[in-house]
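Protein chains in written order, with this note's numbering: chain Z, 1 to 372; chain S, 1 to 127.
Below: one structure, written as structure tokens.
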Ligand SMILES: [Zn+2]
């Protein structure tokens with residue numbers, strides 16, 4: 001009886017010792033290889049996102065090709081041409097000598113837009129002007145997806161090669177934002193092929209509502225001007241030419257009107273969609289001062305320059321939306337925000353100008369799916 | 001990176017996890033056995049093995065977790081048609097070729113013209 005208890009005690013002691021050793025070894029293992037384990041885990045996470053990005057890119061390419069085939073009825077297969085365009089790169093102007101950089105940037109952007117449109121026109125001979133603009137937008141979204149995929153892949157492969165925690169950390173930190181934006185572009189493809197209005201078109205929709213039923217003329221490339229009366233004031237309303245996917249040249253248009261009117265304009269109001277902060281409601285409207293316009297900065301520069309020259313106050317109305325909503329089909333809340341923005345415009349005009357004054361109202365944004 | 005590589009199961013990690021699972025299970029069993037046979041409660045042993053068990057399970061879930069959504073959801077898009085003269089309003093599903101401010105024929109209620117007033121999607125997501 002005694003020997004059995006003895007044996008149990010010895011067994012207990014020996015297993016205790018064994019477990020202690022295992023725990024100490026495990027501790028040392030984690031202590032030494034902890035970062036490497038984390039690195040490999042992070043790489044796995046990036047790999048998952050990367051395969052999703054690849055999927056999105058392939059779907060994007062497929063959508064471009066099938067949309068061109070369906071709408072443009074090309075004589076030959078557009079696939080090699082699309083593949084070549086998806087690798088398109090833009091080279092920014094040199095900023096070492098910043099004099100005139102905006103003009104140079106504008107030139108490059110103009111050339112790029114013209115080239116892309118020209119390529120699409122040749123691939124899709126049966127498409128009309130609006131469809132060519134829409135197809136160009138589809139192509140741009142697919143191009144963006146391709147670039148994002150390649151950059152993430154670059155960091156992934158670099159990280160895999162070097163197993164450097166800091167290389168991987170760079171991409172991992174940005175990955176949630178990158179994925180959100182890519183998913184937005186993936187959804188945009190659908191909206192663009194169908195020609196549906198997108199969240200970015202909120203400003204254009206405001207202008208479209210104001211100019212509907214009035215005489216219109218082309219004032220700058222792809223940009224429409226209409227003269228109307230709002231609360232007894234003469235209002236020049238500007239928007240990009242719809243319903244094809246276009247952003248027009250609102251900066252150039254505002255500049256031209258101000259020169260034509262020799263600066264006798266009481267107020268410029270710009271309406272644009274803006275990225276909301278987390279926690280803010282989609283479709284919320286806010287007011288402010290300054291040139292409400294995004295993009296590479298060419299139009300913003302022009303508006304600021306000419307408004308400063310003639311000392312015309314700049315008023316801004318922004319309609320808030322998340323990054324996903326900017327390029328996907330317009331949400332109900334944004335349509336409601338548009339109506340609210342129109343009321344705000346009327347109020348701002350009443351408060352800030354006298355009867356008989358002239359105001360400029362510019363609806364900024366991609367006017368896809370919105371006529372005038 | 002090809003398709004096969006991206007689907008490869010992380011063998012190295014799976015083996016570590018399984019090893020951890022077995023070890024912690026064994027430790028847990030030993031602790032329970034010690035309690036049943038000798039009436040001695042080894043708190044530290046139980047806590048350690050239980051936490052190792054949880055850690056292993058957590059890592060397992062982390063590796064398994066692959067989001068299926070690809071960002072290509074089909075959205076329900078509505079087109080709102082309104083009369084310019086009266087308050088006639090009609091909501092239908094979006095059709096190819098629709099765009100805002102397009103003429104949509106004569107009004108069935110009065111002699112006014114119909115236009116597409118708005119096109120939107122209704123989103124389930126909350127802000
Ligand atoms: Zn009617």
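Note that the Cβ used here is the ideal one computed from N, Cα and C, for glycine as well.
Only a predicted model underlies this, so the values are computations on that prediction, with no experimental measurement involved.
Would you check if the region 69-77 of chain Z and the region 168-177 of chain Z touch, i.e. whether three or more CB-CB distances between them fall below 8 Å?
The way I'd put it, the region 168-177 of chain Z doesn't touch the region 69-77 of chain Z; fewer than three beta-carbon pairs between them come closer than 8 Å.
Closest Cβ-Cβ distance between residue 85/S and chain A: below 8 Å?
Looking at the structure shown, chain A is missing, and the protein chains on hand are Z and S.
Answer yes or no: the CB of residue 105/S versus the heavy atoms of ligand 2, is any distance below 7 Å?
Looking at this structure, you won't find ligand 2 anywhere; what it does contain is ligand 1.
Under 7 Å: does the beta carbon of residue 112/S sit that close to some heavy atom of ligand 1?
Along the second chain, one-based indexing puts residue 112/S at 112. Under cutoff, so the answer is yes.
Taking the CB atoms as reference points, tell me whether residue 92/S and residue 79/S lie closer together than 8 Å.
Counted from its first residue, the second chain places residue 92/S at position 92. Counted from its first residue, the second chain places residue 79/S at position 79. It is a contact, given that the beta carbons lie within the stated cut-off.
Whole alpha helix (DSSP H) runs in the region 295-346 of chain Z with 4 or more residues, listed along the chain?
DSSP runs (the alpha helix (DSSP H)) wholly in the region 295-346 of chain Z: 298-310, 323-327.
Consult DSSP for residue 57/Z and reduce its assignment to one of helix, strand or coil.
Along the first chain, one-based indexing puts residue 57/Z at 57. Residue 57/Z falls in the helix class under three-state DSSP.
Any chain S beta carbon closer than 8 Å to residue 61/Z
Against the first chain, residue 61/Z aligns to sequence position 61. Judged by the 8 Å Cβ criterion, residue 61/Z is not in contact with chain S.
For residue 232/Z, which residues does DSSP report across the bridge?
As a working mapping, residue 232/Z is identified with position 232 in the first chain. Under DSSP, no beta-bridge partner is assigned to residue 232/Z.
What do you get for residue 69/S, buried or exposed, if any count of 16 or more other CB atoms within 10 angstroms of its CB means buried?
Reading the second chain from its first residue, position 69 is the one you call residue 69/S. In this prediction, residue 69/S scores a pLDDT of 45, lower than 50, which makes its location untrustworthy; no coordinate-derived value is stated.
I'd like to confirm the pairing. Which residues does DSSP put opposite residue 219/Z in its beta bridges?
Numbered from 1 along the first chain, position 219 holds the residue referred to as residue 219/Z. Beta-bridge partners assigned by DSSP to residue 219/Z: none are found.
Taking the straight line between their C-alpha atoms, what separation do you get for residue 240/Z and residue 77/S?
Looking up residue 240/Z in the first chain gives position 240. Looking up residue 77/S in the second chain gives position 77. So the alpha carbons of these two residues sit roughly 23 Å apart.
Chain Z beta carbons: is any one of them nearer than 8 Å to that of residue 55/S?
Residue 55/S sits at position 55 when you count from the first residue of the second chain. Chain Z contact via Cβ: absent.
Would you report the Cα separation of residue 100/Z and residue 372/Z, rounded to the nearest angstrom?
Counted from its first residue, the first chain places residue 100/Z at position 100. Counted from its first residue, the first chain places residue 372/Z at position 372. Residue 100/Z and residue 372/Z have their C-alpha atoms roughly 34 Å apart.
C-beta atoms of residue 23/S and residue 37/Z nearer than 8 Å:
For the purposes of this step, residue 23/S is taken as the residue at position 23 of the second chain. For the purposes of this step, residue 37/Z is taken as the residue at position 37 of the first chain. It is not a contact, given that the beta carbons lie outside the stated cut-off.
Apply the 10 Å Cβ neighbour rule to residue 119/S and answer buried if 16 or more other Cβ atoms are within range, or exposed otherwise.
Position 119 of the second chain, counted from the start, is the residue given in the question as residue 119/S. By the neighbour-count rule (16 or more Cβ atoms within 10 Å), residue 119/S is buried.
Looking at the C-beta of residue 330/Z, does it have a partner C-beta in chain S at a distance below 8 Å?
Counted from its first residue, the first chain places residue 330/Z at position 330. At a cut-off of 8 Å between beta-carbon atoms, residue 330/Z makes contact with chain S.
Using DSSP's beta-bridge definition, name the partner residues of residue 100/S.
Looking up residue 100/S in the second chain gives position 100. Bridge pairing for residue 100/S: 370/Z [DSSP].
If you draw a straight line from the alpha carbon of residue 210/Z to that of residue 327/Z, how long is it in whole angstroms?
If you number the first chain from 1, residue 210/Z lands on position 210. If you number the first chain from 1, residue 327/Z lands on position 327. Using only the alpha carbons, I get a separation of about 23 Å.
Counting contacts by CB-CB distance shorter than 8 Å, is residue 326/Z in contact with chain S?
Mapped onto the first chain, residue 326/Z falls at position 326. It does not; no Cβ of chain S falls within 8 Å.
Contact list for residue 197/Z against chain S, beta-carbon separation under 7 Å
Your numbering for residue 197/Z matches position 197 in the first chain. Residues of chain S passing the Cβ test: 100, 119.
Nearest chain Z C-beta to residue 130/S closer than 8 Å, yes or no?
Residue numbering for chain S in the displayed model covers 1 to 127; residue 130/S lies beyond these limits and cannot be assessed.
Quick one: Cα of residue 320/Z to Cα of residue 15/S, how far?
Along the first chain, read from residue 1 onward, the residue named residue 320/Z stands at position 320. Along the second chain, read from residue 1 onward, the residue named residue 15/S stands at position 15. The straight-line gap from Cα to Cα measures roughly 49 Å.
Using 8 Å as the limit for Cβ to Cβ distance, is residue 94/S near chain Z?
Your numbering for residue 94/S matches position 94 in the second chain. Under the Cβ criterion of 8 Å, residue 94/S is counted among the residues facing chain Z.
Please tell me whether, using a cut-off of 7 Å, the distance from the CB of residue 85/S to the nearest non-hydrogen atom of ligand 1 is below it.
Here the question's residue 85/S lines up with position 85 in the second chain. True, at least one ligand heavy atom lies under 7 Å from that Cβ.
Any heavy atom of ligand 1 inside 7 Å of the beta-carbon of residue 236/Z?
As a position in the first chain, residue 236/Z is number 236, starting the count at 1. No - ligand 1 has no heavy atom lying nearer than 7 Å to the Cβ of residue 236/Z.
For residue 25/Z and residue 12/S, I'd like the C-alpha separation in whole angstroms.
Taking the first chain and counting its residues from 1, one reaches residue 25/Z at position 25. Taking the second chain and counting its residues from 1, one reaches residue 12/S at position 12. Rounded to the nearest whole angstrom, the C-alpha separation of residue 25/Z and residue 12/S is 18 Å.
Check residue 90/S in the structure and name its three-state DSSP category.
Looking up residue 90/S in the second chain gives position 90. Residue state, collapsed to three classes: strand.
By a C-beta neighbour count over all protein chains shown, 10 Å radius and 16 as the cutoff for buried, is residue 322/Z buried or exposed?
Position 322 of the first chain, counting from 1, holds the residue named residue 322/Z. For residue 322/Z, the number of other beta carbons within 10 angstroms of its own is at least 16, and it is reported as buried.
Using the Cβ count rule (16 or more neighbours within 10 Å means buried), how would you classify residue 47/S?
As a first step, residue 47/S must be located in the second chain, where it is residue number 47. Residue 47/S is exposed by the Cβ-count criterion.
With respect to the alpha helix (DSSP H) encompassing residue 287/Z, which residues constitute its N-terminal and C-terminal limits?
Translated into positions along the first chain, residue 287/Z becomes position 287. Run containing residue 287/Z: none in the alpha helix (DSSP H); it sits in the beta strand (DSSP E), 285-289.
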